[in-house]
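I have placed the structure first, in the form of structure tokens, so that the comments after it can refer back to it.
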Amino acid sequence: MKKLSIIITALLVLLSVFAVASYVYKQEKADQAGENAQKNASVLVRDYSPTLGNKEAKVTIVEFFDPACGTCSAFYPLVKQLMSEHPGKINLVLRYLPLHPNSDVIVSIFEAARLQGKFWQTLERAYTTQQAWIEHHTARPEQFWLQLGVLGLDMERLNTDMQSPEVARRVQQDLQDAQQLNVRKTPGFFVNGKPLIEFGYQQLRQLVQSEIKATE
Amino acid sequence: MSDSPNKQSAALLNNQWLLIFICWLIATIATLGSLFFSEVMGLKPCVLCWYQRIFMYPLVIVFLSAMWPTDRTVFRYAFPLAIIGWCFAVYHYLVYSGYIPESLQPCSEDVSCAKIDLELLGFITIPMLSILSYTAIILLLIIYRKKTLS
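From first to last, the protein sequence lines stand for chains A and B.
Residues in the first sequence are numbered consecutively from 44, following the working numbering.
Residues in the second sequence are numbered consecutively from -3, following the working numbering.
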């Protein structure tokens, strides 16, 4: 029996060390992430960033997204639902973080559609048709182009606008800001400048609700 | 306790069960350590890391089963795993220290095996820890084998 108790004791010690080390490490990382976000608060939102909801709202969700990211597409209706649960209280700001190959071209289509006032429709179209234009984690802009018919866009104008250097500049700026804010995965959320440390819808919901409470 | 440390350690090594217990400790620490690097710190394991994990993780279970109740044939099962894992660890070491050209190494573009993600105290790398763990397990198993045969 002595051997068995040695084994069990050793196992418990090792597992507790692992658990404590994980907790300490995560706590430290969370503190760092919060500090980093605070330090770089000025680059969280750019004047050109697309926004949805009440611009005067006291709670702002900043979302770094990639049109080719499946989780971003799954989160989009959840974020909208969260906004409709608290009407007028949330402002959503989108930032581009096209991590998949060719995803930046999809972003430039969004920006071009924005000039025709159809940014959000195009974004939603991209999310709902992801299966049709993503192959092996690579965006196929020519396939996405075929999905745009229903939106009633001026396609010729879209084609010209998406080539504009201003669009490329915005994407570059967003990528740079993401790096500075230490966002490496999409979707990356900030609520009133606080980064969502542990990823998940419930976590995002809690963070948003606590911010709403804090401002009331 | 304080009479003779040599005698003490000799007595320790004489105990065959303890040898396997230490092997198990090393394998478990290596397993939890690698999980800490990937799951807690978020360092993505490269292909070669995965092969080393494949041969280290089962050792935890193999040694555990051999300890309770004691199974003297554990060498037969644990040794091949440890040797193969050791080979991958050495290969990995050669890749990242530049002895094997990068073009020959089988890693995908996402996570390069030649890139050093972590250096503890400035020189201890993850593949080095892997070589050390495998080497220690192999040596202890050889001692165990000699003792069980004699």
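Heads up, the beta-carbon is just placed ideally off N, CA and C, and yes, glycines get one too.
A quick note: this is a predicted structure, and the numbers were derived from the prediction, not measured.
Selected residue, minimal CA-CA separation from residue i, among the options
i	options	result
Glu154/A	Ser65/A, Gln174/A, Asp204/A, Asn134/A	Asp204/A
Ala156/A	Gly236/A, Lys132/A, Gly195/A	Gly195/A
Gln245/A	Leu125/A, Val210/A, Asn202/A	Leu125/A
Ile25/B	Leu125/B, Met63/B, Asp113/B	Leu125/B
Gly77/A	Phe232/A, Arg248/A, Ala182/A	Phe232/A
His180/A	Val234/A, Asn145/A, Leu121/A, Ser116/A	Asn145/A
Ile50/A	Cys45/B, Ala62/B, Gln48/B, Met52/B	Ala62/B
Gly38/B	Gly131/A, Gln215/A, Lys228/A	Lys228/A
Gly192/A	Arg213/A, Gln164/A, Gln206/A, Ala211/A	Gln164/A
Gln190/A	Leu239/A, Cys115/A, Glu167/A	Glu167/A
Pro123/B	Trp82/B, Arg141/B, Tyr140/B	Trp82/B
Gln206/A	Phe162/A, Asp147/A, Leu87/A	Asp147/A
Thr131/B	Ile18/B, Lys143/B, Gln12/B, Asn11/B	Ile18/B
Leu158/A	Leu224/A, Arg200/A, Pro184/A	Arg200/A
Val91/B	Ile79/B, Lys111/B, Asn11/B, Ala78/B	Lys111/B
Ser67/B	Cys42/B, Leu14/B, Ile79/B, Phe119/B	Reading off the sequence, residue 67/B comes out as Asp, not Ser. The shortest C-alpha separation from Asp67/B is found at Leu14/B.
Trp20/B	Ile79/B, Ser129/B, Ser146/B	Ser129/B
Extent of the continuous alpha helix (DSSP H) run through residue i
i	result
Arg183/A	Arg183/A -> no alpha helix (DSSP H), and no H or E assigned at all.
Val210/A	208 to 223
Tyr53/B	43 to 63
Cys115/A	113 to 128
His88/B	70 to 92
Ala203/A	Checking the sequence, you will find Thr at residue 203/A rather than Ala. Counting along the chain, the alpha helix (DSSP H) containing Thr203/A begins and ends at 198 to 204.
Gln249/A	244 to 258
Gly77/A	45 to 82
Glu35/B	No alpha helix (DSSP H) holds Glu35/B; DSSP gives it neither H nor E.
Gln164/A	162 to 171
Ala155/A	146 to 157
Counted within 10 angstroms of its Cβ, other Cβ atoms place residue i as buried (16 or more) or exposed
i	result
Ser104/B	Any answer about Ser104/B is weak, because its pLDDT of 48 lies below 50 and its placement is not dependable; what the coordinates show is given next. Ser104/B should be labelled exposed.
Ala257/A	exposed
His88/B	buried
Gly96/A	buried
Thr52/A	exposed
Lys40/B	exposed
Ile104/A	buried
Met198/A	exposed
Pro110/A	buried
Ser151/A	buried
Glu115/B	exposed
Val60/A	exposed
Leu247/A	buried
Tyr147/B	The first residue shown for chain B is -3 and the last is 146, placing residue 147/B beyond what the model contains.
Ile133/B	buried
Pro97/B	exposed
Val210/A	buried
Residues bridged to residue i (per DSSP)
i	result
Asn134/A	Gly96/A, Thr103/A
Glu178/A	Thr181/A
Ile120/B	Leu116/B
Lys237/A	Val234/A
Thr66/B	Met63/B
Phe17/B	None; Phe17/B has no bridge partner.
Phe108/A	Tyr139/A
Limits of the beta strand (DSSP E) - the one that residue i falls within
i	result
Gly231/A	231 to 234
Specify whether the stretch 90 to 103 of chain A and the stretch 133 to 143 of chain A touch according to this definition: at least 3 beta carbon pairs, one from each stretch, less than 8 Å apart. yes
Using 8 Å as the cut-off, can you tell me whether the stretch 73 to 80 of chain B makes contact with the stretch 27 to 35 of chain B, which would need three or more C-beta pairs spanning the two stretches below that distance? no
So does the stretch 169 to 186 of chain A actually touch the stretch 247 to 257 of chain A, counting three or more Cβ pairs closer than 8 Å? Taking a contact to require three or more Cβ pairs closer than 8 Å, the stretch 169 to 186 of chain A and the stretch 247 to 257 of chain A do not qualify as touching.
Indicate whether the contact test is met: 3 or more Cβ pairs, each with one atom in the stretch 61 to 73 of chain A and one in the stretch 210 to 223 of chain A, closer than 8 Å. Proximity of the stretch 61 to 73 of chain A to the stretch 210 to 223 of chain A falls short of the contact definition, fewer than three beta-carbon pairs being nearer than 8 Å.
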